[in-house]
Every structure is written in structure tokens, then in C-alpha cells.
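Structure, as C-alpha cells:
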Amino acid sequence: MNKSDFYYDLPDELIAQHPLEKRDNSRLMVLNRQKKTIADRNFFDLIEYLQPGDLLVMNNTKVLPGRIFGHREDTGGKIEILLLRHLSDKDWEIMVKPGKRAKVGARIVFSPELTGEITGTTQGGLRVITFEYPGVFKEIIDEIGLMPVPPYIHETLKDNNRYQTVYAKREGSSAAPTAGLHFTPDLLQKIEKMGVNIAEVTLHVGIGTFRPVKCDVIEEHHMHEEYFEVSEETAQAIKRTKKNGGRIIAVGTTSVRTLESNAQLHEGTVEAYAGVTDIFIYPGYEWKVVDAVITNFHLPESTLLMLVSAFYNREEIMKAYQTAIDLKYRFFSFGDAMFIE
Numbered sequence: 001m002n003k004s005d006f007y008y009d010l011p012d013e014l015i016a017q018h019p020l021e022k023r024d025n026s027r028l029m030v031l032n033r034q035k036k037t038i039a040d041r042n043f044f045d046l047i048e049y050l051q052p053g054d055l056l057v058m059n060n061t062k063v064l065p066g067r068i069f070g071h072r073e074d075t076g077g078k079i080e081i082l083l084l085r086h087l088s089d090k091d092w093e094i095m096v097k098p099g100k101r102a103k104v105g106a107r108i109v110f111s112p113e114l115t116g117e118i119t120g121t122t123q124g125g126l127r128v129i130t131f132e133y134p135g136v137f138k139e140i141i142d143e144i145g146l147m148p149v150p151p152y153i154h155e156t157l158k159d160n161n162r163y164q165t166v167y168a169k170r171e172g173s174s175a176a177p178t179a180g181l182h183f184t185p186d187l188l189q190k191i192e193k194m195g196v197n198i199a200e201v202t203l204h205v206g207i208g209t210f211r212p213v214k215c216d217v218i219e220e221h222h223m224h225e226e227y228f229e230v231s232e233e234t235a236q237a238i239k240r241t242k243k244n245g246g247r248i249i250a251v252g253t254t255s256v257r258t259l260e261s262n263a264q265l266h267e268g269t270v271e272a273y274a275g276v277t278d279i280f281i282y283p284g285y286e287w288k289v290v291d292a293v294i295t296n297f298h299l300p301e302s303t304l305l306m307l308v309s310a311f312y313n314r315e316e317i318m319k320a321y322q323t324a325i326d327l328k329y330r331f332f333s334f335g336d337a338m339f340i341e
């Protein structure tokens, strides 16, 4: 398939620049795959589309304040880095701007407590940095780091917690699993009371999720590796749900990728596992685990738009996106949501 098959024209004013005051007051477009219908609802109406015995699977990753500014030790040239993946001990995979100032051997000063040396490169022009610091790395990053909100968000984020889900636990992401931003503790409590179960997985969002597709033929695109983890408790909950005829509802494309990656490794079932994935899901993919998806509206020609197109079909998804534009839905990270059942 061609990348251009997933293009749509989005007016700039529909790109959400800030989260709504109440998380679950965002709009919810409900797509029914069997009936081919589109419903315009609010996110708090989600409970009307859930059934006792369903299992909501949520990504409990937590965003690092991993956007850090520094300067070259020798030249004073300014450098910005984004923490992508913890490799080992004091080594991290990072994105660097400008990359030409971050050749192997370059030393960077971020604060009196934090310096680093570029010690290697990885796929796609990314770098490996080895940090040097006294004390606790997380405390230093919390002090000097900024939330890595996407570049299409131009307003300053007033509360960093609004770029975290209310159930975020496992720190290590470079971006939020944004479909989960709509949930509130109260809504989750209502969902559990009606007999819907909740399970957690972890996928630390890295550059693989949001790196643009540059190949004209999408099958030639290669995803960057991201760390994921499924516990024994979650694996058993998925098996019980399947056995009892309930639906596996993935909250966000990162949960989708975690479950389907796991099933690829285990002959179609989900088992307790921790590792990395570079799974790329696009139309033609044979689904193994996921029965329904809660997701946000994604960028044109992105791998995430290709994933949701694979879950329904490209024509119906593109039709739904045009409907969302016509109805003036809010798009992207702080925007509205979609439930594909």
C-alpha cells in the first residue's frame, strides 16, 4: 500500500493544544464494524458500550520528563536531547538536536549535577549517551527535564500530570499513551462496578510509535524497537476472558501492539513476557488477541493511522476521520477519542 492512501487534510484549528478541564468530557466517536455505523458521543458514555465480562487492557507506562537542554563542553554549542530508551546502567538511547553537534566522543553539560558523553549510535541516526552524575538520576531529571509534548502542541502545558494517565506507574516513556488520558478514577470505578475487568501491560513509548513513515510503499517502513512487558496476572486474565466469551478491549495503540506482539511470540496466545517489539501493523494484518480498540485520532500517513485502518478497514476509517473533521472533533494527543467495536 502507498503512504498517500492514508493522507487526509486537517485544518490547524482542529489540533488540540491543551487538554479539556475534565478528562472524560472529550467526545467519543463510536464505530461499529458489523453495522458500519458512526455514533457521536462523549467519552463518559463509553460505559454504554461495555459489557460485563469484557477486559480493558491499559498501558501503565509513565512519561519521563526527558526533554533536556545542555551545551557542548568544548564549544558551548547548545544541544537538546530526548531520552528514548534506558539501555543499561547509565546508558540511554537518545534523540539529539542538532545531531551534528553530537558525534561520538562529544561531552555535554546539562547541569552542575549531570554531564554525559556520546558513546555510540543506533539505528536511524539515534545516539547512545553515557551519563555521569552523583546521587539519584530520576531526581536530577525531575529537576531539569521537561515533558516531551509533541511538536504540534504550541501551548505551554500548565500541569505535567495532564500528560500522564491517572493509572501511570512504570516510568520510562517518551510520550503518553494518549487514549488513556480520557479516563478518570470515577469512570474506572463505574466500569469495574458494572463487571468489566481491568488489566495492565507496559510498553514504554519510544520513537517507533511516532517516527514518520518516509517510504512511499508502507511495507518498506521499519519500526524502532520499544520495550514491553506482560505480567502473569494479565496473561491469565486475557485467557479467562477469551474462554468466557468476553472481549479484549485495548486502550490505545500501544496496548494493541503489546498484546499482538506477545501473541506473535506465543503461537497466538498471550503469556507472561518481557522484551522488545518492532511490530508494524497495517491493513492485511491477521489479528490474534484484540477485539475492540479505544484510540485517539492520529496524524496523516502515520503508523498509528495504519494500525487502526488494519483493525477496521482503510476506507471506513478515512470516512470516519472526514466525519470527525466535519463535526469539528479535536485531534491528536489532547484531542477526542474513538471506540472501534
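Read in order, the letters of the sequence shown correspond to residues 1 to 341 in the UniProt record's numbering. Idealized CB from N, CA, C, for every residue including glycine.
| Asked | Found |
| --- | --- |
| C-alpha gap between Phe332 and Ile325, whole angstroms | 12 Å |
| Supposed close pair Met223, Phe131 - CB separation, criterion 8 Å | About 26 Å; that fails the 8 Å criterion. |
| Residue burial classification, residue 423 (beta-carbon count within 10 angstroms, cutoff 16) | The structure shown does not extend to residue 423, since the chain is modelled only from 1 to 341, so the question has no answer here. |
| Supposed contact pair Arg67 and Met1 - C-beta distance, whole angstroms, cut 8 Å | At roughly 34 Å, the Cβ-Cβ gap does not stay under 8 Å, so Met1 and Arg67 are not in contact. |
| Distance between Arg162 and Ala237 (C-alpha atoms, nearest Å) | 29 Å |
| Spatially closest choice to Trp92 from Lys78, Gln123, Arg127, by CA coordinates | Arg127 |
| Assumed close pair Val290, Leu265 - CB separation to whole angstroms, cut-off 8 Å | Going by Cβ atoms, the distance from Val290 to Leu265 rounds to 15 Å, so no, they are not a contact pair. |
| Candidates Gln17, Arg33, Gly70, of which the one nearest Ala320 by Cα | Arg33 |
| Touching by the beta-carbon criterion (3+ pairs, under 8 Å), the segment 142-160 and the segment 38-52 | no |
| Proximity of Ile79 and Leu114 at Cβ, strictly below 8 Å | no |
| Burial state of residue 355, where buried means 16 or more other Cβ atoms lie within 10 Å | Residue coverage of the chain in this structure runs from 1 to 341, which leaves residue 355 outside it and unanswerable. |
| Exposed unless 16 or more other CB atoms sit within 10 angstroms - verdict on Thr61 | buried |
| Beta-carbon gap between Met296 and Leu203 smaller than 8 Å | It should be pointed out that residue 296 corresponds to Asn in this sequence rather than to Met. Going by C-beta atoms, Asn296 is not nearer than 8 Å to Leu203. |
| Three or more C-beta pairs below 8 Å linking the segment 269-284 and the segment 298-311 | yes |
| Reference Arg72; option with closest CA among Arg85, Val104, His86, Lys90 | Val104 |
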